[in-house]
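Numbering (our numbering), first residue to last: 2 to 232.
Here it is, written out as structure tokens:
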């Protein structure tokens, strides 16, 4: 519902007049002076009289001063009147505007839904990446465990080889076998040990075995030089 508002301005002018009366009085005073002169002679007496008259005149002057003051007062008057009822064209325009607003709201809602879906997809991708990272970490841990197990197996094999060598040496000593047979039995084991990866324990076992072999082969000149230069 629309209203028509009419504003009217009423201007009031007030004039104040101030009259100031100024009176000026001028006084003129007249003074009369009488001088008498007497001259005496034996025969004749002469009397001279001089009279001076002074006149006082009083003049009164009246001055009128007029001061005019103007005061202007403005008064605003507002009146409101009801607007005419809307026509069919205006109602159609209003309905179209409402429809446009509704369409805009629907578009905004759709955009919000799309943004939410994108955010959900991003979260899912992040979760998948995290899972992949966890799987990679698990695989790395498994590989490390496998490497540790392999090292343990190698150590066990070395220990077993050492035990076998000691047993063989004991058997050879007990059975009084020849040195050539001992070398034929020990050379493949030595080659296996030399081909294994070099760790601290492997190096120590190699040195022990070589020292044992050198002690056993001390009397045989050819094999002694061979092992010495190879070592």
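Backbone N, C-alpha and C fix where the C-beta goes; we use that ideal spot for every residue, glycine too.
{"Check": "Rounded to whole angstroms, what is the Cα-Cα separation between residue 135 and residue 120?", "Outcome": "23 angstroms"}
{"Check": "How big is the Cα-Cα spacing for residue 130 and residue 143?", "Outcome": "20 angstroms"}
{"Check": "Using the beta-carbon count (16 or more within 10 Å), is residue 168 buried or exposed?", "Outcome": "exposed"}
{"Check": "For residue 234, which of 163, 170 and 109 has the nearest alpha-carbon?", "Outcome": "Not covered by the structure: residue 234. The range shown for the chain is 2 to 232."}
{"Check": "Roughly how many angstroms separate the alpha carbons of residue 117 and residue 97, rounded to a whole number?", "Outcome": "30 angstroms"}
{"Check": "If we ignore side chains and look at the alpha-carbon of each, how far apart do residue 165 and residue 151 end up?", "Outcome": "21 angstroms"}
{"Check": "Exposed or buried, residue 159, counting other C-beta atoms within 10 Å across all chains shown (16 or more means buried)?", "Outcome": "buried"}
{"Check": "Apart from the five residues on each side of it in sequence, which residues of its chain come closer than 7 angstroms, Cβ to Cβ, to residue 212?", "Outcome": "none"}
{"Check": "Note down the Cα distance separating residue 122 from residue 149, rounded to an integer number of angstroms.", "Outcome": "40 angstroms"}
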